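Participant: In the numbering used here, the protein residues as written are 3 to 360. Where is the CB? At the ideal position from N, CA and C, for every residue including glycine. Quick caveat, the model's predicted, so the values are computed rather than measured.
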Ligand code: ADP
Ligand code: TRP
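Shown next as C-alpha cells:
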C-alpha cells in the first residue's frame, strides 16, 4: 500500500524557535519516515506581510533549510522545497478564489487577530487577505492527506477543507480534504511573556541562540503571576516556565519541581537556572550540527533544487487536472495542437497563438 502524504510549511520570516520545535518539528521528524512527506518554505506567504521590505526573506529561507536539516530532516526521506519554485500554486490559488466567498476570508481568526495585533507592518494589502487561500492551494497542490501544524493553524485547515469541498461539489470529486495533525504536547508553546511563542511577538527562544542569549531569555521568563514572594506557594499549572520545562525534562524531575513549587520550598529563580542549564544542554547537539552544515558550500540551494524537482511532477499534474475540471481544456487542446503540428513546443521557443492559428 502506498504511504499517505503529509505536507506542512513555515514562513521564512525569522529563525526557528522552541514553539516550532515542540509544536511541529518533532512531528515532522517522525513523519518523514512514516509518510510521503512534503515540507516547504512559504516565501510567497512571507511576502504577504513583508512586501514593503522583503530583504530578509531569502536569508531566512536559507536559515530555515539549515535549521530543518540540523534538527534532523533528511532530504533523502522527505521533499524539502521553496514555495516560489512551484509557481503553479499561485494558479491554483486563483482557481480557489473563484469558488471562495469573501466572507470566508474575512472571518478567518488569524486575519482579524494579526491585523489588530501587528501594527508595525501594513497588512491592508490583498495578498495578505488571500493568505488562507494560498495556504489551501499549498495543501491541495500535492493532494495532501494530512497537515502537521500547531493549534493556531486549525482555522486555516478548516477553511482548506471547506474550499476543497466546494471545489469538488462544483467540478467533480478530485481534490483531497486534509486533516490536521496536532502535537500532543507543545501544541501551544508559551514564550517568555506567557503569550504563544512567536517571532512576531519578540518572546521567542531561537534554537540557534548562543548559550548566553538562552540564559538571558530564560531568566526573563514569566512564571505564575500570582506568586509574588518566594514564600508564596506557586501553581505550576499556570506557569509558562514550567510548561516549557515539561517539554525537555524527564517526568520524575518535573514532578519534583511541581511539588517543590506548590510547597514554596523552591523559588522561581532556582527553577529558571535549572531550565537554562537543561535547555543549553538540550540544544547543544543541534547547534554543532547546524554549524557543520553552514560550512558546506551551496547546501541549502542544493536541497531546495532537489526538492523542487521531486515536487514538480505532482504539482503540475494536479494543476493541469484542475484546469481541465474548470473547463479550460480548450487551451490544453490548443497547446496539444501546437505540439502535434510539429512546431516547437511552448517551452522551446514560446510560439504565440497567432503563429499557430491557421
Ligand atoms: P510564528 O508564529 O513564529 O511566525 P509560524 O507561523 O512560522 O511561527 O509557524 C510555523 C509552524 O509552527 C506552524 O505549524 C505553527 O502552528 C507552529 N508554531 C509556531 N509557534 C508555535 C508555538 N508557540 N506553539 C506551538 N506551535 C507553534
Ligand atoms: N500559515 C502557516 C504558518 O503561519 C504557514 C503555511 C503556509 C502552512 N502554507 C501552509 C502550514 C500549508 C501548513 C500547510 O505557520
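Check the DSSP bridge columns for residue 150 and list the partner residues they point to.
Facilitator: DSSP output for residue 150 lists 183 as bridge partner(s).
Participant: Using the Cβ count rule (16 or more neighbours within 10 Å means buried), how would you classify residue 329?
Facilitator: The residue is exposed, with fewer than 16 neighbouring Cβ atoms inside 10 Å.
Participant: Please confirm if the segment 110–125 is in contact with the segment 70–84, defined as three or more CB-CB distances below 8 Å between the two stretches.
Facilitator: No, the segment 110–125 does not touch the segment 70–84.
Participant: Measure from the C-beta of residue 40 to each C-beta in chain C and report whether the shortest distance is under 8 Å.
Facilitator: The chain inventory of the structure shown lacks chain C, comprising one protein chain alone.
Participant: From the DSSP output, read off the bridge partner residues of residue 38.
Facilitator: BP columns for residue 38 point to 7.
Participant: Does the Cβ-Cβ distance between residue 220 and residue 281 come in under 8 Å?
Facilitator: Yes, Cβ-Cβ distance for residue 220 and residue 281 is below 8 Å.
Participant: Using beta-carbon positions only, say whether residue 42 and residue 324 come within less than 8 Å of one another.
Facilitator: For residue 42 and residue 324, no; Cβs fall outside 8 Å.
Participant: Could you check what DSSP says for residue 351 in three-state terms: helix, strand or coil?
Facilitator: Note on residue 351: pLDDT 39, under 50, position unreliable in the model; no value is reported.
Participant: Where does the unbroken beta strand (DSSP E) through residue 80 begin, and where does it stop?
Facilitator: From DSSP, the beta strand (DSSP E) with residue 80 extends over 80–84.
Participant: If you run the structure through DSSP and keep just helix, strand and coil, what is residue 176?
Facilitator: Residue 176 falls in the coil class under three-state DSSP.
Participant: Taking 7 Å as the cut-off, is the beta-carbon of residue 372 closer than that to any non-hydrogen atom of the ligand ADP?
Facilitator: The requested residue 372 does not occur in the structure, where the chain is confined to residues 3 to 360.
Participant: Give the range of the alpha helix (DSSP H) segment to which residue 19 is assigned.
Facilitator: Run containing residue 19: none; DSSP gives neither H nor E here.
Participant: With H, G and I counted as helix, E and B as strand and the rest as coil, what does DSSP make of residue 230?
Facilitator: DSSP places residue 230 in coil when its eight states are reduced to three.
Participant: Hey, residue 161 and residue 134 are a contact pair by Cβ (cut 8 Å); roughly how many whole angstroms apart?
Facilitator: Right, the Cβ-Cβ distance comes to about 5 Å (below 8 Å), so this counts as a contact.
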